Each structure stands twice: as structure tokens, then as C-alpha cells.
Amino acid sequence: MFSKNSPRSAATEVPDRFVIIFDSADPATPGIAAETREQQVPQLLTEQGYSISEYFPMLGIAVVTSKADQLDDFRQRCAGHQLPAEVVPELIYRILPDALAKDSFSDTGQFTWGLQAVGADLSSYTGKGINLAVLDTGFDANHPDFAGRNVTTKSLVDGEDAADSHGHGTHCIGTSCGPRTPEQGPGYGVASEANIFAGKVLGADGSGSDSNILAGINWALENKCQVISMSLGADVKTVHPPYVTAGRRALELGSLIVAAAGNNAQRSAGNPGFVGAPANSPYIMAVAAVDSKLAVADFSAQAISTEGGEVDIAGPGVDVYSSWPGSQRYNTISGTSMATPHVAGLAALLAESTGLRAQELWDKLVQEARSLSLPTTDVGAGLAQAPTSAES
Amino acid sequence: MSDSELPVYVITLAEGIEATGAVSELESHGLQVKRVLAALGQVIGQGSEQVATQLRGLDSVQSVDAQRTYRALDE
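Residue numbers (our numbering), protein chains in the order written: chain A, 1 to 392; chain B, 1001 to 1075.
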């Protein structure tokens, strides 16, 4: 992968080296005659004192060593022969950093390994102005790391308030929306300025029904959440029709739902598992988990051949440090549950940086993912990545 | 079977059917409506299997699916 305009790797000009393109400037009549390219052009180059060792007659392109004033003279000579010639500096191209990127990470005092792996530690985007819903076990809204944040909570679980007595929800919200520079410990949140919508759809026992979850999606859509994160699932292969409709209607309303692919694999024992519901809806993005060496997690479910059974993308999901309710404040846990809020947070950054929504946002997430040397059935397009400062 | 033991169903309405407006028709076929999800075009309700069968025959209904349970996916 090469680029001359990458914000991470600008191209540099080579002194006194130029590329001359012999071509018509009129798009209605492109190209020049083969005879001209094969005979007249090399003759003119030679007469000007240029080497023709780097002239490519099939392309009508020459690379020459020259001073700028000599080139002006050459252009005038070409014009006298009605031969169009465009001159541009020769550029040095470099392999993009993605291809040279690290393939092993660890938590530091500054950032979790996950934030480093997805590039959130270097991104100037924070999800500001984006509404991000996390549908989970609730949220500890009194957690000191979230003081001053824009937080909306709602319980869709009968008989329970929106507080998180389980921990899972607060952890997922920490990863997707937590701080990058907390008062203590490493930064752990991807979209650190997103508006947080904490919908409680799983009870204190960590489980919940369609009734709660669909009500949570409906609530998030009513609140115009551009991204909805669901670190939940059931180990069933069949697609559950309500989530086909829910995923499609969310996209129609400008919202992207991301969901955990599932933890039903035990790869070390030869069991690759399968993407469960609701991540197997064709309109919901299924997220796999990788570890800090960017290997697929032992528990992370593999794609199945039914429509929607694909793994779409991967996120950091092993030994993930994030917020936790109460006096404990922090915890390190694993699961496709932990990979999903990384991707949700990254979707918020991309939504902020590009203005894209719904299916276009999905496509951009996939397009920008870092390719991994792993089967797409395990990690989809690869490891989701944060936009850099110059993303457009 | 008491009302609280009746199965819960997700009723997904046909394209273009407005959820709030469909409630009375669903109730007239015996569904006890629990939640109306207007943005999704879905209704959550309880009823017997016979009620579910009746609802599946309505032009305004796309699908009737028994409720499932999900769990947090940490290890």
C-alpha cells in the first residue's frame, strides 16, 4: 500500500528529478499517436540532452534529471512541435505506516493496549457531538472519571433502575466513551467526548430479553444515537427476524448498530464457534476479538455461511482495562463484549471526522480497518482503526 | 396458565404500518400489549400460541417471534 498524500507519511520531492508526461490535455481526445511516442519523443529528449534510459514509450512518460530552466526550454520546444507535455516533480513514496505497524501492544501508564492498537491514542477526534448508546447492564453514573460528561441513562429492565450492579455495562461504556486522560491510570476510552446514552437492557444477572433489548434500540433511535453498541448475545445460529428489521430500520434512520460476534469458540480445543444472535443480523455489524499480539482470541466466534453470519470487523478484546462500578473503579476483563465498544467508539470518531452515517459509516469502518494476516472468517476486514487528524 | 406465564412475542409490523395505530387490531386478536416500539415498527406483547397464530395471518404483521434471552458476552 502506497500513498503520496497520507497524513501519516507525506511524499517528498527528489531534487532536480522530473516526470514528463506526453499526453493531450484535452480529455475529449486523450493520448498521442504511437508513432509520436516511439520516435518523435525520444528524439526530442535526446536533442535536449536528456537520457532516454527512463523513457517508457508505451506510457509516453519519461523521468529525467534536469534543472528547472532547462525544462522550460524543453517544454517550449515540445509546444513548437504541437506535442503536449506536462512536467511534475518526481516523488519518493513510502510504505504506509499500517504496513509497518506494530503487531504487539501492552498497557502503559498513558494508554491501554487497546487504544494504542486502534490508534485512538494518536487521534485528534474524540466523538464530540456524536450520540453513542451502549445497551448493557447499566452505568455507574457516579464514577469519577465521568464527572462533567453528558450522560443520559434509562432502564428498560422492569423493576431495576439504570444503575449498574453487574459491572459489564460500566466497563463497556468506559471503553467506548471513557477518558483518554483520567486522573489516575491509563487512558482507556475511545470516544472520550461523545454524548453517552446508557440504556440498561440486561439485568443485574447479566441477562435480558428481546423485549428489553429492542426497547433499548428504539430508545436509542428516538434519541438520535448515531452509534449503538451491544455487547450481548445468544449462542444460536438462526437469525432472529426482529433484529433484521431493527438493524435495517436503524440504518434507515442514520444509526449503526455494532454487536459482539460471540464467545462460543474454544479455538485451542479445535472449536471455532459461530456468530450468534443478534450479531448475525445482516444489518448489524459483528465484532470479533483479538489479543494484544493481534491474534484472534481463543473464545472469539467464527463466521458461518448464512447471510449475516459474517464476522465484519475486529477490536481489542483480551485483557481490556476499563471502568468498573463502585469503589473498585477499574477492572480488566475479556470477551467480544470488550471488542465491541472499541469499534463503537471508533465509529463515533469516524462519524465525527467524516460526517458519514449508517451504511456509509459501516463501509468507512471496514475500508479503514487494518488488514491482519488472519482469515476474514475470524476477523472480517481486520482491526478497526481511528481516523487521524487529516481524515476526510 | 396465568397471564404472567404466557409467552412473550415480538410482533414486527409490515412495511408502512404505524405501530401505535396497529395496537387496537393486535389487542382485538387477544394480544396483551406490553411495549410499542414506534421507531422500529414493532410491538411486544403476551398471548397464547393460538393468539400468535392468529397474528401471523394478519396483513399488517410481518412476523411474530417468540422472545429470546441474551447475556453479556464477557468471559
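In this text, a Cβ means the ideal position worked out from N, Cα and C, and glycines have one as well. The structure presented is a predicted model; accordingly, all values stated were derived computationally and were not measured.
* **Whole-Å CB distance - P325 of chain A paired with G167 of chain A, under 8 angstroms assumed** => Taking 8 angstroms as the upper bound for CB-CB distance, P325 of chain A and G167 of chain A are in contact here, some 6 angstroms apart.
* Asked: How should A297 of chain A be labelled, buried or exposed, when 16 other C-beta atoms within 10 angstroms of its C-beta is the threshold for buried?
  -> buried
* Tell me where the beta strand (DSSP E) around D136 of chain A begins and ends. => For D136 of chain A, the enclosing beta strand (DSSP E) begins and ends at 131-136.
* Asked: Would DSSP call A277 of chain A helix, strand or coil?
  -> strand
* Going by the beta-carbon positions, is the gap between L294 of chain A and A68 of chain A smaller than 9 angstroms? -> no
* Closest residue to N195 of chain A among A:S51, A:A369, A:A351 (Cα-Cα distance) -> Distances from the alpha-carbon of N195 of chain A to those of A:S51, A:A369, A:A351 put A:A351 closest.
* Asked: Roughly how many whole angstroms lie between the Cα atoms of S31 of chain A and G60 of chain A?
  -> Reading the sequence as shown, one finds Gly at residue 31 of chain A and not Ser. Spanning the two alpha carbons is a distance of roughly 9 angstroms.
* **Extent of the continuous beta strand (DSSP E) to which K364 of chain A belongs** => Unbroken run through K364 of chain A is the alpha helix (DSSP H), 358-368; no beta strand (DSSP E).
* Just mark L1040 of chain B as buried or exposed, buried being the case when its beta carbon has 16 or more other beta carbons within 10 Å. => By the C-beta density criterion, L1040 of chain B is buried, having at least 16 other C-beta atoms within 10 angstroms.
* **Any 3 or more C-beta pairs closer than 8 angstroms across the stretch 1043-1060 of chain B and the stretch 1004-1018 of chain B** => Contact check between the stretch 1043-1060 of chain B and the stretch 1004-1018 of chain B: three or more CB pairs, one atom from each, fall below 8 angstroms, which counts as touching.
* Asked: How about the stretch 148-166 of chain A and the stretch 297-308 of chain A: do they share at least three Cβ pairs that are nearer than 8 angstroms?
  -> no
* Option nearest A358 of chain A by Cα separation, candidates A:K237, A:H143, A:A34, A:I284 -> In terms of Cα proximity to A358 of chain A, the closest of A:K237, A:H143, A:A34, A:I284 is A:I284.
* Asked: Who are A89 of chain A's beta bridge partners in DSSP?
  -> In the sequence as presented, Ala is not what sits at residue 89 of chain A; that position holds Pro. According to DSSP, P89 of chain A bridges with A:F18.
* chain B contacts made by the stretch 237-255 of chain A, where a contact means CB separation under 7 angstroms -> Residues of the stretch 237-255 of chain A with a C-beta atom less than 7 angstroms from some C-beta of chain B are H240, P241, P242, T245, A246, R249, L253, listed in chain order.
* Asked: Do you know offhand how far R149 of chain A's Cα is from G1030 of chain B's?
  -> About 45 angstroms.
* Asked: CA-CA distance, V1010 of chain B and S229 of chain A?
  -> Each residue's Cα considered, the two are about 21 angstroms apart.
* Going by C-alpha distance, which of A:Y55, A:F299, A:V88 is nearest L71 of chain A? -> A:V88
* Asked: At which residues does the alpha helix (DSSP H) containing P316 of chain A begin and terminate?
  -> Not the alpha helix (DSSP H): P316 of chain A falls in the beta strand (DSSP E), residues 313-316.
* Mark T112 of chain A as exposed unless 16 or more other C-beta atoms lie within 10 angstroms of its C-beta, in which case mark it buried. => buried
* Can you grab the Cα-Cα spacing for the pair S281 of chain A / S255 of chain A, in whole Å? => 15 angstroms
* To do: Going by CA-CA distance only, name the one from A:V287, A:D121, A:L232 that's closest to V201 of chain A.
  => Taking only the C-alpha atoms, the option nearest V201 of chain A is A:L232.
* Check each residue of the stretch 1002-1014 of chain B: if its Cβ is closer than 8 angstroms to any Cβ of chain A, include it; give the result in chain order. => V1008, V1010, T1012
* Asked: Is the CB of G335 of chain A under 9 angstroms away from at least one CB in chain B?
  -> yes
* Between A:G174, A:A339, A:G345, which lies nearest to V379 of chain A when the distance is taken from Cα to Cα? -> A:A339
* To do: Answer with yes or no whether the minimum CB distance from T137 of chain A to chain B is below 9 angstroms.
  => yes
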